[in-house]
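Working notes for the structure below.
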Amino acid sequence: MNSEKRINFFGILRDTARKQSASIHLLYKHVKLSPTKGDWDNVLRHQLVQFAAAEILGEWLGLGSHEMGQFQKVALVHNWNLRLERRPQDFTPDEIKEAQMFFDSFGVDPKLRLATVPEFIEKMVMYPEKVTLEEKIQYYLDDIVAGQNIVPFKERIAEVESRRQDLNEDDELTRKLGGRKYWDAEREVGILIEKELFERLLAQGIDVSAPELIPVTLRIELEKKHGCRS
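Numbering (our numbering), first residue to last: 1 to 230.
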């Protein structure tokens, strides 16, 4: 009988308290995110996969414990307020206030969190000398985790582009990007970062055959560490 490897999200969730802080569970409770199917589980599972992938990629790149911790914090909360924004009617004013308080206490590096939003592309295109390695890694992780799956960078970008043409049609954004359409700039930036990470992984002795195979290599390792059989 064939079995399919799945990700043990509850196992990763347990890791978050041990490796980060138990307060992350309180934050999830206050913003009503749960790994249980149907309860906005897709948002939480996306963050958990990114948390686990950040640990693996950070270890491969030889990052220190402080840097690893910062990446994982951003991974765990970069979409923390998605339900608040899309379904504000699900919350009372007190719940919104308490959720913000728990987020503020979590100590997320704002610079790294900004690497997960479109404005980062402008910084990378126009001021590349100001972009740190840590920001590049954070950007790359967010761009290869689609839902709860790790996918090739170009595949992920094509999927998001198909539903976010507004970014291409934003004339002011095109001007800020030096005349580039947003998704052209996104591909350009992503390919450069992927190549840089590939070279760094090779220097660390990590066996990755090509830059575009970093995501599949990460996924295989994640399934080894956090997989479960069904």
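Every residue gets a Cβ at the ideal spot worked out from N, C-alpha and C, and that includes glycine.
- The beta-carbon distance between E194 and I214, rounded to whole angstroms, is 6 Å. This is short enough to meet the 8 Å contact definition.
- When Cβ pairs closer than 8 Å are counted between the two stretches, the segment 129-145 is seen to touch the segment 46-64, the count reaching three or more.
- Contact between L201 and W80 does not hold, since the beta-carbon distance rounds to 30 Å and is not under 8 Å.
- Residue burial is scored here from C-beta neighbours: E135 has at least 16 other C-beta atoms within 10 angstroms and is therefore classed as buried.
- With a 10 Å radius around the Cβ and a threshold of 16 neighbouring Cβ atoms, H66 comes out exposed.
- Spatial neighbours of K225 in its own chain (CB-CB distance under 6 Å, excluding positions within 5 residues in sequence) are not present.
- A distance of 8 Å or more separates the beta carbons of L76 and Q100.
- A Cβ-Cβ separation of about 10 Å leaves K123 out of contact with V117 under the 8 Å criterion.
- Membership of Y139 in the alpha helix (DSSP H) is indicated by the continuous run 133-144.
- In this chain, the alpha helix (DSSP H) harbouring W60 covers 41-60.
- Of the residues assessed, A158 falls on the exposed side of the cut-off, its CB having fewer than 16 other CB atoms within 10 angstroms.
- Excluding residues up to 5 positions away in sequence, F198, L201, L202, I214, T217 lie with their Cβ nearer than 8 Å to the Cβ of V208 in the same chain.
- Q165 and D171 have their C-alpha atoms roughly 12 Å apart.
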